[in-house]
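K.L.:
Can you read through this structure? Questions will come right after.
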Amino acid sequence: MEPDSFLSFVPEIREIEDRYYKYFISLENFDSIPSWKKEAGCICVSRPTNPTGNVITDQELEFLIERANNVGIPLLVDNAYGFPFPNVVFGKNSFIHRSGMIQGFSLSKLGLPGVRTGFVVGDSETITLLHRANSVINLTSANPGQFIALDLFRSGRWKELCEKIILPFYLKKSIFTQEAILNNWSSQIDYKIHQSEGAFFLWVWVRNLSLSVSDLYPILKEAGVVVVPGKTFFPGTDSNWSHREECFRLSFAREDKEIEEGVLKIGKVLEKFLK
């Protein structure tokens with residue numbers, strides 16, 4: 001991709017209690033740069049979001065649908081963790097589809113990461129174009145994942161799998177990881193956890209570090225734990241925005257013992273590099 005392929009809008013940050021916060025789409029920022037309406041090819045969003053676990057509200061999604069329709073461009077929604085499967089969504093949000101939307105789905109989070117199979121839902125014109133492109137890019141697409149998925153959907157077993165196995169498992173993991181942080185990190189660390197609303201990650205914001213998270217990465221790795229620095233997840237934003245270097249992604253798709261050990265190691269490293 002070209003360096004200027006993305007135009008991103010800084011979110012509105014709302015702090016929730018002492019140790020939590022949540023991103024919201026800043027409606028004012030979205031309309032403050034009229035040039036995007038002439039230059040944009042589509043509006044993109046993931047729901048739930050990798051890396052933050054944020055689920056934009058139904059109202060925010062309707063807002064994006066309206067803006068995309070007004071300009072005549074598609075709204076592209078990444079549903080890899082979302083509706084209706086694997087449905088790793090902890091709140092009461094809804095699956096919404098409208099004409100002009102393009103929605104991507106993955107079987108990887110259904111427990112089939114090796115088959116690398118997904119599918120797209122959109123208007124017939126869009127699907128026709130994607131089919132033509134795919135026939136060139138993937139000359140011999142593998143089909144085991146398609147056969148497995150077909151059986152899951154025909155039988156209806158996908159719904160039980162999502163609701164009774166996948167969702168409860170990751171909700172429990174999310175709660176466990178949050179509690180591990182809240183119970184073990186020093187009160188001197190000025191951190192906030194993004195409200196965990198879905199997906200497989202926690203997104204942590206630390207405001208009183210003497211080093212950027214990118215600079216802490218090799219130190220944390222040396223300590224035996226790997227996090228993903230936040231700046232890689234903010235394409236198209238101002239590189240001087242300090243928030244980019246104060247956040248990191250922490251996966252909770254691990255055994256409880258590993259999660260707890262990792263959280264303890266992160267806390268000890270952070271304590272050494274406070275302002």
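Residue numbers (full-length UniProt numbering): 1 to 275. Glycine is no exception: its CB is placed at the ideal position from the N, C-alpha and C atoms.
Residues in the same chain with beta-carbon distance under 7 Å from D215, minus the five sequence neighbours each way, listed in chain order, please.
P.N.:
Position 215 of the sequence shown, counted from the start, is the residue given in the question as residue 215. Within the same chain, D215 has no close Cβ partners at all.
K.L.:
Taking C-alpha atoms, which residue in L274, N183, A133 lies nearest to V206?
P.N.:
To locate residue 206, count along the sequence shown from 1; it is residue 206. Among L274, N183, A133, the Cα nearest to that of V206 belongs to L274.
K.L.:
Which value, in whole angstroms, describes the spacing of the CA atoms of N54 and F90?
P.N.:
As a working note, residue 54 is residue 54 in the sequence shown. As a working note, residue 90 is residue 90 in the sequence shown. Their backbone Cα atoms lie some 10 Å apart in a straight line.
K.L.:
Grouping DSSP H, G and I as helix and E and B as strand, with all else coil, what is D58?
P.N.:
For the purposes of this step, residue 58 is taken as the residue at position 58 of the sequence shown. Helix, per DSSP.
K.L.:
So, for I73: in the same chain, excluding its five sequence neighbours on each side, which residues have a beta-carbon less than 7 Å away from its beta-carbon?
P.N.:
In the sequence shown, counting from the first residue as 1, residue 73 sits at position 73. So the list reads A40, G41, C42, I43, once near-sequence residues are dropped.
K.L.:
Based on Cα-Cα distance, which residue from T57, W36, S187, R116 lies nearest to D18?
P.N.:
Position 18 of the sequence shown, counted from the start, is the residue given in the question as residue 18. When only C-alpha atoms are compared, the closest one is S187.
K.L.:
In chain order, what residues of the same chain lie with their CB nearer than 7 Å to the CB of F6, ignoring the 5 residues before and after it?
P.N.:
In the sequence shown, residue 6 corresponds to position 6, counting from 1. Contacts found: P235, G236.
K.L.:
In this structure, how does DSSP classify D78 when only helix, strand and coil are distinguished?
P.N.:
As a position in the sequence shown, residue 78 is number 78, starting the count at 1. In the structure shown, D78 sits in a strand (DSSP, three-state: E or B).
K.L.:
Enumerate, from N- to C-terminal direction, the unbroken beta strand (DSSP E) stretches of 3 or more residues contained entirely within the stretch 230-260.
P.N.:
List check, beta strand (DSSP E) in window: 247-251.
K.L.:
By the DSSP assignment, the alpha helix (DSSP H) with F153 in it spans what residues?
P.N.:
Taking the sequence shown and counting its residues from 1, one reaches residue 153 at position 153. First-last of the alpha helix (DSSP H) with F153: 144-155.
K.L.:
Residues bridged to E12 by DSSP?
P.N.:
Mapped onto the sequence shown, residue 12 falls at position 12. In the DSSP output, where bridge partners are listed per residue, E12 has F24.
K.L.:
Hey, could you find the ends of the beta strand (DSSP E) K192 is sitting in?
P.N.:
Reading the sequence shown from its first residue, position 192 is the one you call residue 192. Where K192 is concerned, the enclosing beta strand (DSSP E) stretches over 191-194.
K.L.:
Between the stretch 186-205 and the stretch 96-106, can you find at least three pairs of beta-carbon atoms closer than 8 Å?
P.N.:
No, because fewer than three Cβ pairs between the stretch 96-106 and the stretch 186-205 fall closer than 8 Å, the two stretches do not touch.
K.L.:
Hey, out of G111, L171, S135, Q178, whose CA is closest to I148's CA?
P.N.:
In the sequence shown, the residue the question calls residue 148 occupies position 148. Selected option, being the one with the closest Cα: G111.
K.L.:
With a CB to CB cut of under 6 Å and the five nearest residues on each side skipped, what residues in its chain are close to L171?
P.N.:
Along the sequence shown, read from residue 1 onward, the residue named residue 171 stands at position 171. Here the set comprises F90.
K.L.:
Compare the Cα-Cα distances from E197 to each of A80, R47, L209 and report the closest residue.
P.N.:
Here residue 197 is taken as the residue at index 197 of the sequence shown, counted from 1. It is R47 whose Cα lies nearest to the Cα of E197.
K.L.:
Whose C-alpha, out of S239, K265, P168, L61, is nearest the C-alpha of V225?
P.N.:
The count along the sequence shown starts at 1 and reaches residue 225 at position 225. Of the listed residues, the one whose Cα sits closest to V225 is K265.
K.L.:
Indicate the three-state DSSP secondary structure (helix, strand or coil) for G118 in the structure shown.
P.N.:
If you number the sequence shown from 1, residue 118 lands on position 118. If DSSP states are grouped into helix, strand and coil, G118 belongs with the strands.
K.L.:
Which residues mark the beginning and the end of the beta strand (DSSP E) in which W203 is found?
P.N.:
Position 203 of the sequence shown, counted from the start, is the residue given in the question as residue 203. W203 -> beta strand (DSSP E) spans 201-206.
K.L.:
With DSSP as the reference, please indicate the residues paired to F105 in a beta bridge.
P.N.:
Reading the sequence shown from its first residue, position 105 is the one you call residue 105. Partner(s): F119.
K.L.:
Alpha carbon to alpha carbon, what distance is there between E179 and F169?
P.N.:
The sequence position of residue 169 within the sequence shown is 169, counting from 1. The sequence position of residue 179 within the sequence shown is 179, counting from 1. Computed Cα separation, rounded: 16 Å.
K.L.:
Near C247, what residues of its chain come up, given a Cβ to Cβ distance below 7 Å and the 5 sequence neighbours on each side ignored?
P.N.:
As a position in the sequence shown, residue 247 is number 247, starting the count at 1. Answer for C247: W203, V204, W205, V213, G230, listed in chain order.
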